[in-house]
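S.K.: Sharing a structure, written as structure tokens. Questions coming.
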Amino acid sequence: MSHDSTPHERTEALEHHLEEHGHVHHDDVDAAIVAREMAFESGDGPSPALGAKIVARAWTDPEFKARLVDDGTATLSEYTPMTVPVAVMENTPDVHHMIVCTLCSCYPGAVLGDPPAWYKSFEYRSRVVREPRAVLAEFGMALGDDVEVRVVDSTSEQRFMVLPVRPEGTEGWAPDELAALVTRNSMIGTGAPLRP
Amino acid sequence: MSHDSTPHERTEALEHHLEEHGHVHHDDVDAAIVAREMAFESGDGPSPALGAKIVARAWTDPEFKARLVDDGTATLSEYTPMTVPVAVMENTPDVHHMIVCTLCSCYPGAVLGDPPAWYKSFEYRSRVVREPRAVLAEFGMALGDDVEVRVVDSTSEQRFMVLPVRPEGTEGWAPDELAALVTRNSMIGTGAPLRP
Amino acid sequence: MDGVHDLGGMHGFGGIPIEEDEPLYHEPWEGRAAAITRHLMSNTTVDRFRWTIEHMPPAEYLASRYYERWLWAAEQMATEQGLLDGPREPSPERNDDPWAEPAEPPRFAAGQRVRVRNPVTPGHTRVPRYTRRHFGTVVRHSCTWPHPTESAATGRHGRPEHVYAVSLDAAAVFGPDATHTLLIDIWERDLEDAT
Amino acid sequence: MDGVHDLGGMHGFGGIPIEEDEPLYHEPWEGRAAAITRHLMSNTTVDRFRWTIEHMPPAEYLASRYYERWLWAAEQMATEQGLLDGPREPSPERNDDPWAEPAEPPRFAAGQRVRVRNPVTPGHTRVPRYTRRHFGTVVRHSCTWPHPTESAATGRHGRPEHVYAVSLDAAAVFGPDATHTLLIDIWERDLEDAT
């Protein structure tokens, strides 16, 4: 696979060679892609919607929230298979977590599905550990000076997910109404949940 | 100057714009290039030959060598105008210096003229401070384990030049015969002077 | 491996490229390259996959789109696993379980002052340069997992080791303007006591 | 500025590209770009020229040939100095002499144990990342010269400061296999006493 051909051509060549020797099969590749996209769109499998459902339950079920924060891997495995450890970082009015992987793109994919492009970008990976508030501003978010910002770098195999603060004015809301307020960014730390 | 044009086209465009407003003149640019190449080829001005002449004198004139090592800038200014400080690092059978500029390409140009491409390469700049002996091997040079290698990184405005060890078997040689043994690499630290 | 992939704290990169409702894959080949890469990863470890990407020529890495890095590594791994020459020889059953129990109890405890070591290696390391040699405090025991340097070198998980969540003052790392806290996961062997 | 130009100790680069009897310039445009750049530098400082190069987009920097970096900076400086719009306004006489006497006597002495500080800044710094926060010994007073961060920011030399030759054990920086010594020049403000 020479490098002057396009990524499309290189992928085709690679798939062809692998298929020729029976290592992969065209249909399996198709199926894998469709499964991943279906899970993402439907919200059953790994997707922001699954994450939102879990956050909403944590907001309304203190016992579940305690287990979630104490042992994310075990608690999350009730919803989705855990191939690597996952920790849930609880935000409070005084502490705001932001997740990054400066070395590559580690992300809580088992829960949230594939990461957004910006999460994998050199801009985010290089700047958030050094100037988190400047990065937050680019996401249109500002925190009070009294809020402690904790930037979590996914340097081991463990992935991280943020449990955002429940928005005010949502007393008595049902979980699925609450889930609608939970944005993907709020589970990474680059945004707050929507306000009612 | 858009970046999809070649460096040649961009240089032409830049020169044209500058000339148009009287900031540079075609002939001055030509003259500057010729002067630099002449100095380099002839060995009068900044060039490896000038460096070799200075090394040869140091090998044969202890008083000069002492001044050279003690205050390179003042002593070298007898040969060539000093626009920045220059220090001369004396090699001995026990201590071998290697010069680099990991941040850009600082080099004792007032004495040796423009640096070789390898000196400015990312390969040399990244590796010599970490694995000098491996780099030396690629230049075909091996040092005894008992020799202390000192890698000098030109991190201030001061430039550095190596005073290599005088080859054995050159007793009684005249300076210009000695100068013929002094290679450019031996004045940077990536080679030894030629043997008689 | 201290390569250009180790981006934490680097200057020179611009605004965050935020895309509204972006697709999972921006072009069809991305999905296919990702699926193929995941298949190839099953014959080795994710650590070796990452280490392979780290060997991308620096300029190529920094000019690449995300899945171009996966594609580059997939080509390397397919070659390395001999899958481009002929049918696969049956590889022995894997028994390198990353969830197994570590051999030793944890050496460090929550609240302990520790220091991040400086594991310079051409091999794979998960200790980013910006954290090296800094003092921190163990926040808690994070998890246990095989050490990445071995997993990358051998393509198999070694015996799991303890991993600790360590907090660093960002001011010590990035200067007085940095008022936040950094939380990093560090394997036991990459930490030393600093009480 | 901690950019990709700060290459000391980085992995990922291959064999040294040694050329036998190479020409001064590999293509005519290189000589012209160099001459033009030297002319533009006379209106500012070499520090600002270097800092300008450091702003090259990282992938472009690492894919560039040497004089392409000069060309990139020359374009920036010509624009910045307003030389592309019209004739030059007479700029005031320069009196920023880098050879002037520093204001203070040296603070550090040969043999003194010192520590390299960690001057993280988007501005121009000459303290390579691999040296940061390491302990060393002052070998001698190197020279006096204006500090590069100001010279780059203002385009004029500030008042000269003392610069010291400091030796570091490479083993502390790059691990036990490194048995050599590193000699670096560090401005007084970028050093702290560590006796």
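Chains as they are written, first to last, in our numbering: chain A, 1 to 196; chain B, 1 to 196; chain C, 1 to 195; chain D, 1 to 195. Ideal Cβ placement from N, Cα and C applies to all residues, glycine included. Small disclaimer: the values here were computed from a predicted structure and weren't measured.
#1: Where does the unbroken beta strand (DSSP E) through A87 (chain B) begin, and where does it stop?
#2: Is the number of C-beta pairs between the segment 36-54 of chain B and the segment 108-117 of chain B that are closer than 8 Å three or more?
#3: Of all the options A:M98, A:D61, A:G109 and A:E41, which has the alpha carbon lying nearest to the alpha carbon of T197 (chain A)?
#4: To the nearest angstrom, how far is it from the Cα of A208 (chain C) to the Cα of V116 (chain C)?
#5: Per DSSP, what kind of secondary structure is F122 (chain B) in: helix, strand or coil?
#6: Please report whether the beta-carbon of R115 (chain D) lies at a distance below 9 Å from any beta-carbon of chain B.
#7: Which residues mark the beginning and the end of the beta strand (DSSP E) in which I99 (chain B) is found?
#8: Closer than 9 Å, CB to CB, is L18 (chain B) near chain D or not?
#9: Distance check for H97 (chain B) and E90 (chain B), CA to CA, integer angstroms please.
#10: Based on Cα-Cα distance, which residue from C:A78, C:F135, C:P105 and C:E161 lies nearest to P98 (chain C)?
#11: Nearest by alpha-carbon distance to H17 (chain A): which of C:D193, C:D85, C:V114 and C:A33 is it?
#12: Distance, Cα to Cα, Y119 (chain B) vs G14 (chain C)?
#13: Taking the alpha-carbon of E20 (chain D) as reference, which of B:G169, B:S126 and B:N185 has the nearest alpha-carbon?
#14: For chain D, find out if any of its Cβ atoms is closer than 9 Å to the Cβ of R69 (chain B); answer yes or no.
#15: For the segment 19-33 of chain A, list every residue whose C-beta sits within 7 Å of some C-beta in chain C, in sequence order.
#16: Using a Cβ-Cβ cutoff of less than 7 Å, which residues in the same chain neighbour C106 (chain B) once the five nearest sequence positions on both sides are dropped?
#17: Would you mind stating whether V139 (chain C) and A194 (chain C) have Cβ atoms separated by less than 9 Å?
#18: Are the CB atoms of V88 (chain B) and L181 (chain B) within a distance shorter than 9 Å?
#19: With a threshold of 6 Å on Cβ separation, who are the neighbours of P85 (chain A) within its own chain once the five nearest residues in sequence on each side are excluded?
#20: Give me the DSSP bridge partner(s) of P146 (chain C).
#21: Please state whether DSSP places D70 (chain B) in a helix, a strand or coil.
#22: Taking the C-alpha atoms as reference points, what is the distance between K95 (chain B) and M141 (chain B)?
#23: Any residues in the segment 59-82 of chain C with a beta carbon nearer than 7 Å to a beta carbon of chain D? Which ones, in chain order?
#24: Can a CB atom of chain D be found closer than 9 Å to the CB of M1 (chain B)?
#25: Using a C-beta to C-beta distance shorter than 8 Å, which residues of chain E count as neighbours of E148 (chain B)?
#26: For A78 (chain C) versus H23 (chain A), is the C-beta distance shorter than 9 Å?
#27: Cutting at 8 Å between CB atoms, please list the residues of its own chain near A39 (chain B), excluding the five before and the five after it.
#28: Spell out whether any CB of chain C is found under 9 Å from the CB atom of V139 (chain D).
#29: Check distances from the C-beta atoms of the segment 128-153 of chain D to those of chain B and list, in chain order, the residues that come in under 7 Å.
#30: Can you find the residues in the same chain that come closer than 7 Å, C-beta to C-beta, to E180 (chain D), ignoring five residues on each side of it along the sequence?
#31: Per DSSP, A152 (chain C) forms a beta bridge with which residues?
#32: DSSP state of T75 (chain A), grouped into three classes?
#33: Please list, in chain order, the chain D residues whose beta carbon lies closer than 7 Å to that of F49 (chain C).
#34: Kindly confirm or deny that the segment 53-68 of chain D and the segment 55-64 of chain C touch, where touching means at least three C-beta pairs closer than 8 Å.
#35: Determine the burial state of A35 (chain A): buried for a count of at least 16 other Cβ atoms within 10 Å of its Cβ, exposed for fewer.
#36: Compare the C-beta of T44 (chain C) against all C-beta atoms of chain D and say whether one is closer than 9 Å.
M.R.: Short version:
#1: Numbered from its first residue, the second sequence carries residue 87 (chain B) at position 87. Element bounds for A87 (chain B): V86 to E90.
#2: The segment 36-54 of chain B vs the segment 108-117 of chain B: in contact.
#3: With chain A running from 1 to 196 in the structure shown, residue 197 (chain A) is simply not present.
#4: As displayed, chain C neither begins before 1 nor continues past 195, which places residue 208 (chain C) out of reach and without an answer.
#5: By one-based count along the second sequence, residue 122 (chain B) stands at place 122. Per DSSP, reduced to three states, the secondary structure at F122 (chain B) is helical.
#6: Residue mapping note: residue 115 (chain D) aligns to position 115 of the fourth sequence, counting from 1. Using a Cβ-Cβ cut-off of 9 Å, R115 (chain D) does not count as an interface residue toward chain B, since no Cβ of chain B sits closer than that to its own.
#7: Counting from 1 along the second sequence, the entry for residue 99 (chain B) is found at position 99. In the DSSP annotation of this structure, the continuous segment of the beta strand (DSSP E) that includes I99 (chain B) starts and ends at V95 to V100.
#8: Taking the first residue of the second sequence as position 1, residue 18 (chain B) is located at position 18. At least one chain D Cβ lies under 9 Å of L18 (chain B).
#9: Counted from its first residue, the second sequence places residue 90 (chain B) at position 90. Counted from its first residue, the second sequence places residue 97 (chain B) at position 97. If I take the Cα positions, the gap works out to 8 Å.
#10: Working through the third sequence from its first residue, we reach residue 98 (chain C) at position 98. Among C:A78, C:F135, C:P105 and C:E161, the Cα nearest to that of P98 (chain C) belongs to C:E161.
#11: Numbered from its first residue, the first sequence carries residue 17 (chain A) at position 17. Ranking C:D193, C:D85, C:V114 and C:A33 by Cα distance to H17 (chain A) puts C:D85 first.
#12: To locate residue 119 (chain B), count along the second sequence from 1; it is residue 119. To locate residue 14 (chain C), count along the third sequence from 1; it is residue 14. It is roughly 30 Å from the alpha-carbon of Y119 (chain B) to the alpha-carbon of G14 (chain C).
#13: Locating residue 20 (chain D) in the fourth sequence gives position 20, counting from the first residue. Selected option, being the one with the closest Cα: B:N185.
#14: On the second sequence, position 69 is the one that residue 69 (chain B) refers to. Reading off the sequence shown, one finds Val at residue 69 (chain B), where the question assumed Arg. It does not; no Cβ of chain D falls within 9 Å.
#15: When CB distances to chain C are screened at a threshold of 7 Å, the residues of the segment 19-33 of chain A falling below it are H21, G22, H23, V24, V29, A32 and I33, in chain order.
#16: The sequence position of residue 106 (chain B) within the second sequence is 106, counting from 1. Counting only Cβ-Cβ distances below 7 Å, and skipping sequence neighbours, we find S154 and R159.
#17: Here residue 139 (chain C) refers to the residue found at position 139 of the third sequence. Here residue 194 (chain C) refers to the residue found at position 194 of the third sequence. Judged by their CB atoms, V139 (chain C) and A194 (chain C) are not nearer to each other than the 9 Å cut-off.
#18: On the second sequence, position 181 is the one that residue 181 (chain B) refers to. On the second sequence, position 88 is the one that residue 88 (chain B) refers to. Cβ atoms of L181 (chain B) and V88 (chain B): not closer than 9 Å.
#19: Locating residue 85 (chain A) in the first sequence gives position 85, where the first residue counts as 1. Excluding sequence neighbours, P85 (chain A) sits near T73 and Q158.
#20: Counting from 1 along the third sequence, the entry for residue 146 (chain C) is found at position 146. Beta-bridge partners assigned by DSSP to P146 (chain C): C:P160.
#21: The sequence position of residue 70 (chain B) within the second sequence is 70, counting from 1. Helix.
#22: Indexing the second sequence from 1 puts residue 95 (chain B) at position 95. Indexing the second sequence from 1 puts residue 141 (chain B) at position 141. Looking at the sequence itself, residue 95 (chain B) is Val, so the reference to Lys does not match. Their backbone Cα atoms lie some 15 Å apart in a straight line.
#23: Legend: CB atoms of the segment 59-82 of chain C lying less than 7 Å from CB atoms of chain D belong to residues A59, L62 and A63.
#24: Position 1 of the second sequence, counted from the first residue, corresponds to residue 1 (chain B). For M1 (chain B), the pLDDT reaches just 49, beneath the cut-off of 50, and the residue's location in the model is therefore unreliable, although a value from the coordinates is still provided. At least one CB atom of chain D sits nearer than 9 Å to the CB of M1 (chain B).
#25: Considering every chain present, this structure includes no chain E. Its protein chains are A, B, C and D.
#26: Your numbering for residue 78 (chain C) matches position 78 in the third sequence. Your numbering for residue 23 (chain A) matches position 23 in the first sequence. Contact flag set, yes.
#27: Counted from its first residue, the second sequence places residue 39 (chain B) at position 39. Cβ neighbours of A39 (chain B) within its own chain (closer than 8 Å, five residues either side excluded): G45, P46, S47 and G113.
#28: In the fourth sequence, residue 139 (chain D) corresponds to position 139, counting from 1. Cβ-Cβ to chain C under 9 Å: no for V139 (chain D).
#29: When CB distances to chain B are screened at a threshold of 7 Å, the residues of the segment 128-153 of chain D falling below it are P128, Y130, S142, C143 and W145, in chain order.
#30: Reading the fourth sequence from its first residue, position 180 is the one you call residue 180 (chain D). In the sequence under discussion, the amino acid at residue 180 (chain D) is His, which differs from the Glu named in the question. Cβ within range, chain order: A170.
#31: Taking the first residue of the third sequence as 1, we reach residue 152 (chain C) at position 152. Paired residue(s): none; A152 (chain C) is not in a bridge.
#32: Your numbering for residue 75 (chain A) matches position 75 in the first sequence. Helix, per DSSP.
#33: Mapped onto the third sequence, residue 49 (chain C) falls at position 49. Correct list: empty, because the minimum Cβ distance to chain D is about 17 Å.
#34: Output reads yes: the segment 55-64 of chain C touches the segment 53-68 of chain D.
#35: Position 35 of the first sequence, counting from 1, holds the residue named residue 35 (chain A). Exposed is the call here.
#36: Residue mapping note: residue 44 (chain C) aligns to position 44 of the third sequence, counting from 1. When Cβ-Cβ separations below 9 Å define contact, T44 (chain C) makes no contact with chain D.
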